[in-house]
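Q: One structure, as structure tokens, below. Some questions next.
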Amino acid sequence: MQTQQSTVSTTKGIDVGKIEKELAAMWKPADETRDSQADSGVTRACTMNLLVYSSVVEDRAGIDEMLDTVCEQHPGRMLVLRTDREASEPKLDAYVSTRCRVFGANAKQVCGEQVTIEAAGPIIETVSSAIAPLLVPDVPVFLWWKDIPHYEDKLFNHMTEMSDRIVIDSSCFDHPHEDMQRLAEVIRERGQLMSASDLNWGRLTAWRTLMASFWDVPDYRQHLEKIDSVTVEYDPPDVAPDQIAPKALLAVGWLASRLGWSVEGKGEGEEDGTIFKLKTNGRVINVLMRATRREGNIDGMLVSLTLSARDSGAEFRVAFSKDRKKLETEASIGGAHSVGRVLSYEQKTEGQRLSRELSLLQRDVIYEEALLSAVQLIAAL
Amino acid sequence: MQEAAVIENPLRAGIRLERTAEPCTVIIFGASGDLTKRKLVPALYRLMQERLLPAEFAIIGLARTEMNSDEFRKAMREAIEEFSETKRVDEDVWNSFAQGLYYLTADINNPSDYDKLSDLLNQVDRERGTQGNHLFYLSVAPKFYGEAVKQLGEHNLAKPKENTWVRVIVEKPFGTDLDSARALNNELHQYLDESQIYRIDHYLGKETVQNLLVFRFANGIFEPLWNRQYIDHVQLTNAEMVGVEGRGGYYETAGVVRDMIQNHVFQVLSLVAMEPPVSLESEPVRDEKIKAMCAAREFTAERVRAECVRGQYGPGSIAGKPVPGYRQETDVAPDSATETFAALKMYFDNWRWAGVPFYLRSGKRLPKRVTEIAIQFKEAPLPLFGEAMQQMTPNQLIIRIQPDEGITLRFAAKVPGQVTNIRDVNMDFRYGASFGIQLAEAYERLLLDCILGDSTLYARKDMTERGWELVMPILNEWAATKDKVDFPNYEAGTWGPKASHDLIERDGRRWRRP
Ligand SMILES: NC(=O)c1ccc[n+]([C@@H]2O[C@H](COP(=O)([O-])OP(=O)(O)OC[C@H]3O[C@@H](n4cnc5c(N)ncnc54)[C@H](OP(=O)(O)O)[C@@H]3O)[C@@H](O)[C@H]2O)c1
Numbered sequence: 000m001q002t003q004q005s006t007v008s009t010t011k012g013i014d015v016g017k018i019e020k021e022l023a024a025m026w027k028p029a030d031e032t033r034d035s036q037a038d039s040g041v042t043r044a045c046t047m048n049l050l051v052y053s054s055v056v057e058d059r060a061g062i063d064e065m066l067d068t069v070c071e072q073h074p075g076r077m078l079v080l081r082t083d084r085e086a087s088e089p090k091l092d093a094y095v096s097t098r099c100r101v102f103g104a105n106a107k108q109v110c111g112e113q114v115t116i117e118a119a120g121p122i123i124e125t126v127s128s129a130i131a132p133l134l135v136p137d138v139p140v141f142l143w144w145k146d147i148p149h150y151e152d153k154l155f156n157h158m159t160e161m162s163d164r165i166v167i168d169s170s171c172f173d174h175p176h177e178d179m180q181r182l183a184e185v186i187r188e189r190g191q192l193m194s195a196s197d198l199n200w201g202r203l204t205a206w207r208t209l210m211a212s213f214w215d216v217p218d219y220r221q222h223l224e225k226i227d228s229v230t231v232e233y234d235p236p237d238v239a240p241d242q243i244a245p246k247a248l249l250a251v252g253w254l255a256s257r258l259g260w261s262v263e264g265k266g267e268g269e270e271d272g273t274i275f276k277l278k279t280n281g282r283v284i285n286v287l288m289r290a291t292r293r294e295g296n297i298d299g300m301l302v303s304l305t306l307s308a309r310d311s312g313a314e315f316r317v318a319f320s321k322d323r324k325k326l327e328t329e330a331s332i333g334g335a336h337s338v339g340r341v342l343s344y345e346q347k348t349e350g351q352r353l354s355r356e357l358s359l360l361q362r363d364v365i366y367e368e369a370l371l372s373a374v375q376l377i378a379a380l
Numbered sequence: 000m001q002e003a004a005v006i007e008n009p010l011r012a013g014i015r016l017e018r019t020a021e022p023c024t025v026i027i028f029g030a031s032g033d034l035t036k037r038k039l040v041p042a043l044y045r046l047m048q049e050r051l052l053p054a055e056f057a058i059i060g061l062a063r064t065e066m067n068s069d070e071f072r073k074a075m076r077e078a079i080e081e082f083s084e085t086k087r088v089d090e091d092v093w094n095s096f097a098q099g100l101y102y103l104t105a106d107i108n109n110p111s112d113y114d115k116l117s118d119l120l121n122q123v124d125r126e127r128g129t130q131g132n133h134l135f136y137l138s139v140a141p142k143f144y145g146e147a148v149k150q151l152g153e154h155n156l157a158k159p160k161e162n163t164w165v166r167v168i169v170e171k172p173f174g175t176d177l178d179s180a181r182a183l184n185n186e187l188h189q190y191l192d193e194s195q196i197y198r199i200d201h202y203l204g205k206e207t208v209q210n211l212l213v214f215r216f217a218n219g220i221f222e223p224l225w226n227r228q229y230i231d232h233v234q235l236t237n238a239e240m241v242g243v244e245g246r247g248g249y250y251e252t253a254g255v256v257r258d259m260i261q262n263h264v265f266q267v268l269s270l271v272a273m274e275p276p277v278s279l280e281s282e283p284v285r286d287e288k289i290k291a292m293c294a295a296r297e298f299t300a301e302r303v304r305a306e307c308v309r310g311q312y313g314p315g316s317i318a319g320k321p322v323p324g325y326r327q328e329t330d331v332a333p334d335s336a337t338e339t340f341a342a343l344k345m346y347f348d349n350w351r352w353a354g355v356p357f358y359l360r361s362g363k364r365l366p367k368r369v370t371e372i373a374i375q376f377k378e379a380p381l382p383l384f385g386e387a388m389q390q391m392t393p394n395q396l397i398i399r400i401q402p403d404e405g406i407t408l409r410f411a412a413k414v415p416g417q418v419t420n421i422r423d424v425n426m427d428f429r430y431g432a433s434f435g436i437q438l439a440e441a442y443e444r445l446l447l448d449c450i451l452g453d454s455t456l457y458a459r460k461d462m463t464e465r466g467w468e469l470v471m472p473i474l475n476e477w478a479a480t481k482d483k484v485d486f487p488n489y490e491a492g493t494w495g496p497k498a499s500h501d502l503i504e505r506d507g508r509r510w511r512r513p
């Protein structure tokens, strides 16, 4: 990945015209190569706008690395806003740069462009008015909010309004339970107006696929209606070790919303962990959520997910291998083990996860419903 | 109904979970062969890793070579390490996959071996929970297709039992002429329903070929222009840089028309020429494809002489390296009359295409490996810009299938300045650039589709026969006049014989340089 940078600096507001000019100038050498060698040179590609909000405390190199990954799959215009809310001195700077990668047999360069805006002090509130005219028309706008969402904040609201989809990461929530409740409220209130992606939900896709695939097997289907116990093991979140990890809540929320289980309240039990009582058509489902001892530096991860039906002695389990590098699945009916399997589980980088979210445009209704159910669990605590 | 009843899985809902296959066993005939280790098993392994196959899955390899299941597993592990992208397999992950691998030493021609196969299938269904769904992959020489299916039929392995399915994938080539293709279809149909037969055409597994459908029918702006009113002509180029790569013996009996044109090139062509299907399900799409091919004008001996060109490469050089001519390749006759290049002019006699020529060319040892379709639009009705317009080609839309899949639109623009100079500019869309994604291997897609029961990307009986029907007059005429050819007539590393250029230039047009 190569980048080329130039600076447009100003302290009194942002000169949008100047930024556009700088961007155009940056492409000029590229356009010239293109003309002289009809089939090589640079391809300027734009599949989306990506707005990135982060605070200055975020490590800049980390964000750059992520954007490199994103740009490989989704070249486009990146508008990166780095804010320092604490500063008393107002400051507003903008830089433009390109991000290129070499592609294909004849070493084509495919490039996207980036505008970085650094803002400090009270002036931050007004920045969105400089961002709006910089959006490339017609292609979708994604907002990656790399911070706890500030729902009451003017800037947050303006930026979500101009976006087709907002990407957050619930594993970074400071107060997991309250923050999830608040997110659910906002999604409910805004309805059609805001579609959200949660990187943490993306991390569950592999688990959900494997759990779902048990029920593709006709022989197992009958047991789905008999499930009466769920056990979830998770690594406690670093920030709040006494709270249940958002991912574990989302996993149960997903099962509950898909299978029509409603949350009745907290259940009783001697086991270490939290027990919830869920219900459907008169059947009670006990859900045990248990924090495991932390291994390595994997924060808030799911460790195992087991569904069982006492009546038929059926158990369906998806779990991490000991080294946390593989996922194992196993189904057993009446004590007889059927086929299990071990699949590699690649720890995706944050950039790869973000990239994946950027290929989705529709509202993720399944996520929203899982979140609402998860919030009901939290309310029962 | 031979499909197992599809049950709704409430946990599958949503935009993120991909469709996963039902439990099944894939039985590979020819499991000691090249295709199995290069493509089939690596593709199945990858599908498993991508979580697109269920745990209740097994592979049975079958060939005459003496091997036990453990030896087969070892060979397949080596194959995956050699031919798959990852190159390395994790011990536990491999062991879990390998548990589902079995091998049976058997001869396709020996009926009693099918009893052994039947027993093994029962055992595997029990052990692996594969639910009696069976996919037979015939990765053997074509002469075995008929016999294998006959034996499966006679051993009760071809008809699905209740709530299960049986499917058979047939590799290429499918027949060597119209009669043999018809005979083969008849043989297959004695024991199988058409819906059970999946004739592979790996070109259809390519992402861009599938994208042709999306491109044409999901974009409102192209379809209204997609006809004789706006299109001057269409060019389809299918060029390979390679020669016969040690397969001279096979190629001597084939030639480019049999090997490439009657199947791959016609499949792609039909997607360009077809009418919009009523839905994107497999039957409506294949109905429209065959309808288009039925409108293709038949070749007569006269048309073959006037509108078909054959060629054979002589010594030359490819990418700066000298290469021998076709007649110097191993297992090729020193006076061989087999064509390694062909160019045809085709017409579709229907309302959409009446009078629009389709120029096709396909060959080996051409300067560049490329498959592309170029749609050339008519010139602007009035040359408003006089001389400035003379150096320009009319608008072209180029759909590249390989390599660097993508779409280019060529149009005119003014060169900045006081005088009106007009230049062609390209507007480029590259899949790799826009979606930067590793496109899945054709075999992965095709295998998964077959397991899912989707035959859209497979060739239907009528299409295989129509392909042969169209090329038979060419093959016959060329066979009858094979003493008269002046082969070799093009140098390796050039764009085919002069006659190919004459064919199109006579009409006042030119081949596009891909
Ligand atoms: N290789 C490719 O890339 C490619 C591409 C397109 C199409 N194809 C087609 O795919 C098919 C297989 O190609 P390939 O390259 O894998 O061929 P190959 O390497 O020659 O393999 C042929 C296989 O058939 C088996 N076989 C031969 N006679 C048999 C018999 N009487 N009973 C049971 N098994 C028998 C052989 O095993 P034993 O000798 O152990 O019995 C071997 O495993 C062919 O139809 C070919 O046209 C291949």
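In the order they appear, the protein sequences are chains A and B. The opening position of the first sequence corresponds to residue 0 in numbering that gives the first Met the number 0, with each subsequent residue numbered one higher. The opening position of the second sequence corresponds to residue 0 in numbering that gives the first Met the number 0, with each subsequent residue numbered one higher. The C-beta atom is built at its ideal place from N, Cα and C for all residues, glycine as well. Given the structure is predicted, the values throughout are model-derived calculations rather than measurements.
(1) Hey, is valine 231 of chain A's beta-carbon within less than 9 Å of any beta-carbon in chain B?
(2) Between proline 385 of chain A and chain B, is the shortest Cβ-Cβ distance under 9 Å, so that the two count as touching?
(3) Determine contact between the region 5–21 of chain B and the region 355–364 of chain A, defined as no fewer than three beta-carbon pairs at a distance below 8 Å.
(4) Using 9 Å as the limit for Cβ to Cβ distance, is alanine 381 of chain A near chain B?
(5) Judging by CA-CA distance, which residue of A:Asn48, A:Arg355, A:Val166 and A:Pro121 is the nearest neighbour of proline 74 of chain A?
(6) Is the beta carbon of leucine 447 of chain B within less than 8 Å of some heavy atom of ligand 1?
(7) Should isoleucine 107 of chain B be listed as close to ligand 1, given that the test is whether its C-beta is under 8 Å from any heavy atom?
(8) My understanding is that tryptophan 214 of chain A touches leucine 249 of chain A, with C-beta atoms under 8 Å, so please give their C-beta distance in whole angstroms.
(9) CB of valine 139 of chain B to nearest heavy atom of ligand 1: below 8 Å?
(10) At least one CB of chain B closer than 9 Å to the CB of tryptophan 325 of chain A: is that the case?
(11) Quick check on DSSP: helix, strand or coil for lysine 86 of chain B?
(12) Taking the straight line between their C-alpha atoms, what separation do you get for glutamate 80 of chain B and leucine 380 of chain A?
(13) Inspect the beta-carbon positions of valine 139 of chain B and glutamate 170 of chain B and report whether they are closer than 9 Å.
(14) With hydrogens ignored, establish whether the beta-carbon of lysine 38 of chain B is closer than 8 Å to any heavy atom of ligand 3.
(15) Output the residue ranges of the beta strand (DSSP E) runs that lie fully inside the region 138–200 of chain A and measure 3 residues or longer, sorted by chain position.
(16) Could you pull the DSSP bridge partners for glutamine 395 of chain B from this structure?
(17) Is glutamate 251 of chain B near ligand 1, in the sense that its beta carbon is under 8 Å from a heavy atom of that ligand?
(18) Does the structure place the region 364–382 of chain B close enough to the region 232–245 of chain B that three or more beta carbon pairs sit under 8 Å?
(19) In three-state DSSP terms, what is alanine 37 of chain A?
(20) Is there contact here, the region 466–477 of chain B with the region 261–276 of chain B, by at least three beta-carbon pairs under 8 Å?
(21) With a 10 Å radius around its C-beta and 16 neighbouring C-beta atoms as the bar for buried, classify valine 148 of chain B as buried or exposed.
(22) Could you give the distance in angstroms between the alpha-carbon of alanine 291 of chain B and the alpha-carbon of isoleucine 196 of chain B?
(23) CA-CA distance, isoleucine 377 of chain A and glycine 334 of chain A?
(24) If I'm right that phenylalanine 221 of chain B touches arginine 215 of chain B with Cβ under 8 Å, what's the distance once you round it to whole angstroms?
(25) Would you report the Cα separation of asparagine 475 of chain B and aspartate 330 of chain B, rounded to the nearest angstrom?
(26) Extract the residue ranges of the beta strand (DSSP E) inside the region 308–357 of chain B, only unbroken runs of 3 or more that lie entirely within it.
(27) Using a Cβ cut-off of 9 Å (strictly closer), state whether methionine 210 of chain A contacts chain B.
(28) How would you call serine 196 of chain A, buried or exposed, if buried means at least 16 neighbouring beta carbons within 10 angstroms?
(29) Grab me the residues of threonine 159 of chain A's own chain with a C-beta within less than 7 Å of its C-beta, minus the 5 sequence neighbours each way, in chain order.
(30) I'd like the span of the alpha helix (DSSP H) that includes alanine 498 of chain B, first residue to last.
(31) Would you kindly work out how many angstroms separate the C-alpha atoms of serine 179 of chain B and arginine 63 of chain B, rounded to a whole number?
(32) For valine 213 of chain B, is the classification buried or exposed, using 16 other Cβ atoms within 10 angstroms of its Cβ as the cut-off for buried?
(33) Helix, strand or coil, according to DSSP, for valine 216 of chain A in the structure here?
(34) Cβ closer than 9 Å: which chain A residues qualify as neighbours of aspartate 118 of chain B?
(35) CB alanine 308 of chain A to CB isoleucine 226 of chain A, shorter than 9 Å?
(36) Can you grab the Cα-Cα spacing for the pair proline 513 of chain B / alanine 131 of chain A, in whole Å?
A: If we stick to the structure as given:
(1) Position 232 of the first sequence, counting from 1, holds the residue named residue 231 of chain A. It does not: the Cβ of valine 231 of chain A has no partner Cβ on chain B nearer than 9 Å.
(2) Given that chain A is displayed from residue 0 to residue 380, the structure contains no residue 385 of chain A and the question cannot be resolved.
(3) yes
(4) For chain A, the structure presents residues 0 to 380; residue 381 of chain A sits outside this window and is missing.
(5) Here residue 74 of chain A refers to the residue found at position 75 of the first sequence. Of the candidates A:Asn48, A:Arg355, A:Val166 and A:Pro121, the one whose C-alpha sits nearest the C-alpha of proline 74 of chain A is A:Asn48.
(6) Your numbering for residue 447 of chain B matches position 448 in the second sequence. Flag unset: Cβ of leucine 447 of chain B not near ligand 1.
(7) To locate residue 107 of chain B, count along the second sequence from 1; it is residue 108. At least one heavy atom of ligand 1 is nearer than 8 Å to the Cβ of isoleucine 107 of chain B, so yes.
(8) What you label residue 214 of chain A is simply residue 215 of the first sequence in a count that begins at 1. What you label residue 249 of chain A is simply residue 250 of the first sequence in a count that begins at 1. 19 Å between Cβ atoms; not a contact.
(9) Counted from its first residue, the second sequence places residue 139 of chain B at position 140. Indeed, a heavy atom of ligand 1 lies less than 8 Å from the Cβ.
(10) Stepping through the first sequence from its first residue, residue 325 of chain A is reached at position 326. The sequence given here has lysine at residue 325 of chain A, not tryptophan. Yes, lysine 325 of chain A counts as interfacial toward chain B.
(11) Sequence index remark: in the second sequence, residue 86 of chain B carries index 87 (1-based). Of the three classes helix, strand and coil, the one that applies to lysine 86 of chain B here is coil, per DSSP.
(12) On the second sequence, residue 80 of chain B is found 81 positions in, with the first residue counted as 1. On the first sequence, residue 380 of chain A is found 381 positions in, with the first residue counted as 1. Distance between the alpha carbons of glutamate 80 of chain B and leucine 380 of chain A: 51 Å.
(13) Here residue 139 of chain B is taken as the residue at index 140 of the second sequence, counted from 1. Here residue 170 of chain B is taken as the residue at index 171 of the second sequence, counted from 1. Result yes, Cβ atoms of valine 139 of chain B and glutamate 170 of chain B sit closer than 9 Å.
(14) Here the bound small molecules are ligand 1; ligand 3 is not part of this structure.
(15) 140–144, 164–167 and 195–197
(16) Within the second sequence, the letter at position 396 stands for residue 395 of chain B. B:Gln375 and B:Arg409, per the DSSP bridge assignment.
(17) Start at 1 with the first residue of the second sequence, and residue 251 of chain B comes out as number 252. False, no ligand heavy atom lies under 8 Å from that Cβ.
(18) yes
(19) If you number the first sequence from 1, residue 37 of chain A lands on position 38. Note that alanine 37 of chain A has pLDDT 45, beneath the 50 cutoff, so the model's placement of it is unreliable and the number below is only indicative. Correct three-state label for alanine 37 of chain A: coil.
(20) yes
(21) Against the second sequence, residue 148 of chain B aligns to sequence position 149. Flag for valine 148 of chain B reads buried.
(22) Indexing the second sequence from 1 puts residue 291 of chain B at position 292. Indexing the second sequence from 1 puts residue 196 of chain B at position 197. Answer to the nearest angstrom: the Cα atoms are 22 Å apart.
(23) Locating residue 377 of chain A in the first sequence gives position 378, where the first residue counts as 1. Locating residue 334 of chain A in the first sequence gives position 335, where the first residue counts as 1. Straight-line Cα distance between these residues: approximately 34 Å.
(24) For the purposes of this step, residue 221 of chain B is taken as the residue at position 222 of the second sequence. For the purposes of this step, residue 215 of chain B is taken as the residue at position 216 of the second sequence. Indeed they touch by this definition, with Cβ atoms about 6 Å apart.
(25) On the second sequence, position 476 is the one that residue 475 of chain B refers to. On the second sequence, position 331 is the one that residue 330 of chain B refers to. If I take the Cα positions, the gap works out to 23 Å.
(26) 315–317, 320–322 and 340–345
(27) Residue mapping note: residue 210 of chain A aligns to position 211 of the first sequence, counting from 1. Cβ-Cβ to chain B under 9 Å: yes for methionine 210 of chain A.
(28) One-based indexing of the first sequence puts residue 196 of chain A at position 197. Counting Cβ neighbours within 10 Å, serine 196 of chain A comes out buried, since at least 16 surround it.
(29) Position 160 of the first sequence holds residue 159 of chain A. Same-chain partners within the cutoff: Leu142, Ile165 and Met193.
(30) Numbered from its first residue, the second sequence carries residue 498 of chain B at position 499. Counting along the chain, the alpha helix (DSSP H) containing alanine 498 of chain B begins and ends at 497–504.
(31) For this step, residue 179 of chain B is matched to residue 180 along the second sequence. For this step, residue 63 of chain B is matched to residue 64 along the second sequence. Between serine 179 of chain B and arginine 63 of chain B, the C-alpha separation is close to 26 Å.
(32) Your numbering for residue 213 of chain B matches position 214 in the second sequence. It is exposed - the Cβ of valine 213 of chain B has fewer than 16 other Cβ atoms within 10 Å.
(33) Here residue 216 of chain A corresponds to residue number 217 of the first sequence, with the count starting at 1. In this structure, valine 216 of chain A counts as coil in the three-state DSSP scheme.
(34) Position 119 of the second sequence, counted from the start, is the residue given in the question as residue 118 of chain B. Those within 9 Å of aspartate 118 of chain B in chain A number zero; the least Cβ separation is about 20 Å.
(35) Translated into positions along the first sequence, residue 308 of chain A becomes position 309. Translated into positions along the first sequence, residue 226 of chain A becomes position 227. Cβ distance < 9 Å, so alanine 308 of chain A and isoleucine 226 of chain A count as in contact.
(36) Taking the second sequence and counting its residues from 1, the one referred to as residue 513 of chain B is at position 514. Taking the first sequence and counting its residues from 1, the one referred to as residue 131 of chain A is at position 132. For proline 513 of chain B and alanine 131 of chain A, the distance between alpha carbons rounds to 41 Å.
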